[in-house]
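Visitor: Below you will find the structure I want to go over with you.
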Amino acid sequence: MVTALGAVDQDLGVLKTGKEADVHLVRRWVPGVDGSEVALAAKRYRSNQRRLFHRDAGYLEGRRVRKSRETRAMAHRTAFGKEVISGLWAGAEFAALGTLWEAGLPVPYPVSLDGTEMLMEFIGMTDGPTPVAAPRLAGSRPEPDLLAELWQQLRTAMLRLASMGWTHGDLSPYNVLLHDEQLVIIDWPQIVDVIGNPHGFEILERDATHMCDWFVRRGLEVDAGELVGELVAEATARY
């Protein structure tokens, strides 16, 4: 990563739009220094006027802020409360990515957080004149051997995550990238504490079912109920 004080950033446009945030491609380099250029992804959470706060009520259960004023504002969805929620999303995703990266899970490396903007590793091809983002798993058609390998990658990642007490919270083939035959899981602001959130097991089951359904549609026979059982066992093993 380029961290020099003289580094320059250039926004190259939107990579992805979402209900809560947009992701931009950013070029960073140090003028006059050959080989210093890197590509980054900048996730920018929307302002309280534009943001939709997709399903955030259920996800925010189990997450609390220390100040009662902020808690009340969040509950009533005031303008200030929405700003607090936006900051919670950005901070939660940055913190989650740091922990998951250190634990060896297949996630983008988190670079920095500034308010409601998070810079992270760009996943894709960077050796051409313009970086090309990795495709989403949803649009891919892997050959049978690769499909089976990708299933094992996903299962391993989900079991490791469950052993840490978490589930993604909004996992689907649209939140998984395929790069060099490796899965990279993205979009972590709503990461859920399976035990601490009253809906934790329900959300875990939904994550597993969404992914299993995709693999089944691609021709790989996997059992969602079996995976859910394994994940619940991992999540509750330390209790």
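Counting along the sequence shown from 1, when you hit position 213 you're at 209 in my numbering, and nothing is skipped either side. Ideal Cβ positions, reconstructed from N, Cα and C, are used throughout, including at glycine.
1) Please confirm whether GLU89 and TYR105 have their CB atoms less than 8 Å apart.
2) Helix, strand or coil: which one does DSSP assign to ASP203?
3) May I ask you to verify whether the stretch 218 to 228 touches the stretch 150 to 168, counting CB pairs closer than 8 Å and requiring at least 3?
4) Quick one: what's LYS15 bridged to in DSSP?
5) Is there contact here, the stretch 179 to 186 with the stretch 84 to 99, by at least three beta-carbon pairs under 8 Å?
6) What's the gap between the Cα of GLU201 and the Cα of GLU177?
7) Answer yes if the stretch 187 to 199 comes into contact with the stretch 110 to 129, meaning at least three C-beta pairs across the two stretches below 8 Å, and no otherwise.
8) Looking at the unbroken alpha helix (DSSP H) that takes in SER32, where does it start and where does it end?
9) Would you grab the beta carbon distance between LEU174 and ALA130 for me? Rounded to a whole angstrom, and I think it's under 8 Å.
10) Does the Cβ-Cβ distance between ALA0 and VAL26 come in under 8 Å?
11) Relative to the C-alpha of GLU139, which candidate in PHE211, ILE191 and HIS20 has its C-alpha closest?
12) Quick one: grab the DSSP three-state call for THR232.
13) Indicate the three-state DSSP secondary structure (helix, strand or coil) for LEU167 in the structure shown.
14) Measure from the alpha carbon of VAL103 to the alpha carbon of each residue in LEU179, SER136, ALA38 and ASP209, then state which is nearest.
15) Starting from the Cα of ALA38, find the closest Cα among GLY28, ALA17 and ASP30 and give me that residue.
16) My parser needs the beta strand (DSSP E) runs of 3 or more residues fully inside the stretch 83 to 158; what are they?
17) Leaving aside the five residues before and after ASP5 along the sequence, list all residues of the same chain whose C-beta is less than 6 Å from its C-beta, in chain order.
18) If you run the structure through DSSP and keep just helix, strand and coil, what is VAL218?
19) Under three-state DSSP, which class holds LEU1?
20) What are the boundary residues of the beta strand (DSSP E) that includes HIS175?
21) Start and end of the beta strand (DSSP E) containing ILE181?
22) Judging by CA-CA distance, which residue of SER32, VAL19 and GLY100 is the nearest neighbour of GLY9?
23) Determine the burial state of ALA99: buried for a count of at least 16 other Cβ atoms within 10 Å of its Cβ, exposed for fewer.
24) Look up VAL22 in the DSSP assignment and say whether it is helix, strand or coil.
Guide: By the coordinates alone:
1) As a working note, residue 89 is residue 93 in the sequence shown. As a working note, residue 105 is residue 109 in the sequence shown. Taking 8 Å as the Cβ cut-off, GLU89 and TYR105 do not qualify as a contacting pair.
2) Within the sequence shown, the letter at position 207 stands for residue 203. Under the three-state reduction of DSSP, ASP203 is assigned to helix.
3) yes
4) Position 19 of the sequence shown, counted from the start, is the residue given in the question as residue 15. Looking at the DSSP assignment, LYS15 forms no beta bridge with any residue, so it has no partner.
5) yes
6) The sequence position of residue 201 within the sequence shown is 205, counting from 1. The sequence position of residue 177 within the sequence shown is 181, counting from 1. Inter-residue distance for GLU201 and GLU177 is about 26 Å (C-alpha atoms, whole angstroms).
7) With a cut-off of 8 Å, the stretch 187 to 199 and the stretch 110 to 129 do not count as touching, because too few Cβ pairs lie within range.
8) Within the sequence shown, residue 32 is the residue found at index 36, counting from 1. From DSSP, SER32 is part of no alpha helix (DSSP H); its letter is neither H nor E.
9) If you number the sequence shown from 1, residue 174 lands on position 178. If you number the sequence shown from 1, residue 130 lands on position 134. The beta-carbon separation of LEU174 and ALA130, rounded to 6 Å, stays under the 8 Å limit for a contact.
10) For this step, residue 0 is matched to residue 4 along the sequence shown. For this step, residue 26 is matched to residue 30 along the sequence shown. Cβ atoms of ALA0 and VAL26: closer than 8 Å.
11) On the sequence shown, position 143 is the one that residue 139 refers to. Per the C-alpha coordinates, the member of PHE211, ILE191 and HIS20 positioned closest to GLU139 is PHE211.
12) Your numbering for residue 232 matches position 236 in the sequence shown. Three-state result, THR232: helix.
13) The sequence position of residue 167 within the sequence shown is 171, counting from 1. Here LEU167 sits in coil by DSSP.
14) In the sequence shown, residue 103 corresponds to position 107, counting from 1. Here the closest residue by C-alpha is LEU179.
15) The residue you call residue 38 lines up with position 42 of the sequence shown. Ranking GLY28, ALA17 and ASP30 by Cα distance to ALA38 puts ALA17 first.
16) 106 to 110 and 113 to 117
17) Residue numbering aside, residue 5 sits at position 9 when the sequence shown is read from its first letter. The residues are VAL22 and ARG24.
18) Counting from 1 along the sequence shown, the entry for residue 218 is found at position 222. VAL218 falls in the coil class under three-state DSSP.
19) To locate residue 1, count along the sequence shown from 1; it is residue 5. The answer is coil: DSSP assigns LEU1 none of H, G, I, E or B.
20) Position 179 of the sequence shown, counted from the first residue, corresponds to residue 175. Counting along the chain, the beta strand (DSSP E) containing HIS175 begins and ends at 172 to 175.
21) The sequence position of residue 181 within the sequence shown is 185, counting from 1. ILE181 -> beta strand (DSSP E) spans 178 to 181.
22) Translated into the one-based positions of the sequence shown, residue 9 becomes position 13. Residue VAL19 is the option with its Cα nearest to GLY9.
23) As a working mapping, residue 99 is identified with position 103 in the sequence shown. By the neighbour-count rule (16 or more Cβ atoms within 10 Å), ALA99 is not buried but exposed.
24) If you number the sequence shown from 1, residue 22 lands on position 26. Of the three classes helix, strand and coil, the one that applies to VAL22 here is strand, per DSSP.
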